[in-house]
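In my numbering, the protein residues as written are 1188 to 1352. Built from N, CA and C at the ideal position, the CB exists for glycine as well. All values reported here derive from a predicted model rather than from experimental measurement. Reviewing the structure listed below.
As structure tokens, this is what we get:
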């Protein structure tokens, strides 16, 4: 399925990657138990394969804790072929590892659907497939460009995004 990206996919992942790189570039221990990162952002994701259209308008909160654990909260609305639904999911991450010069691997422990979430699983799966091909692993690529400026994206998709800290 061919997708056209109109706006950044999963901005929370980007924010989390930028925060991770910030600590790495500062010479800090990324997995120091006393560290906690809490970032919030708004993202609009448009996916179109010619037959189906998806639009995700989401508030995203990325929380990273010491020892490579974290949580991604997604809340907002999903539109699939003109039909809106409330979207509220929490993704629990753990066991972060540096697997390359600029690549980090998180284990996805669980994805929890809120009781208020009305989004069909197939629609969520389209959204999540833009971040990872494996429902158990999330890969992030983070590259420093200049002080407080980073190039990062999903290691799965290969798309890159700029972020200023």
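Those residues which DSSP pairs with residue 1254 across a bridge: Answer by DSSP bridge pairing: none, since residue 1254 is not bridged.
For the alpha helix (DSSP H) holding residue 1309, just list the boundary residues, first then last. 1308–1316
By a C-beta neighbour count over all protein chains shown, 10 Å radius and 16 as the cutoff for buried, is residue 1273 buried or exposed? exposed
State the DSSP-derived secondary structure class of residue 1320, mapped to helix, strand or coil. coil
Under the rule that 16 or more other beta-carbon atoms within 10 Å means buried, what is residue 1308, buried or exposed? exposed
Cross-strand partners of residue 1235 (DSSP beta bridge): Within the DSSP secondary-structure output, residue 1235 pairs in a beta bridge with 1240.
How long is the line joining the alpha carbons of residue 1349 and residue 1302, rounded to whole angstroms? Residue confidence is low: residue 1349 scores 39 on pLDDT, short of 50, so the model does not pin down where it sits. No coordinate-derived value is stated.
Decide if the segment 1244–1259 is in contact with the segment 1280–1297; the criterion is three or more beta carbon pairs, one per stretch, under 8 Å apart. yes
Element boundaries [beta strand (DSSP E), containing residue 1297]: 1290–1300
In whole angstroms, what is the alpha-carbon distance linking residue 1227 and residue 1235? 26 Å
Compare the Cα-Cα distances from residue 1247 to each of 1237, 1293 and 1232 and report the closest residue. 1232
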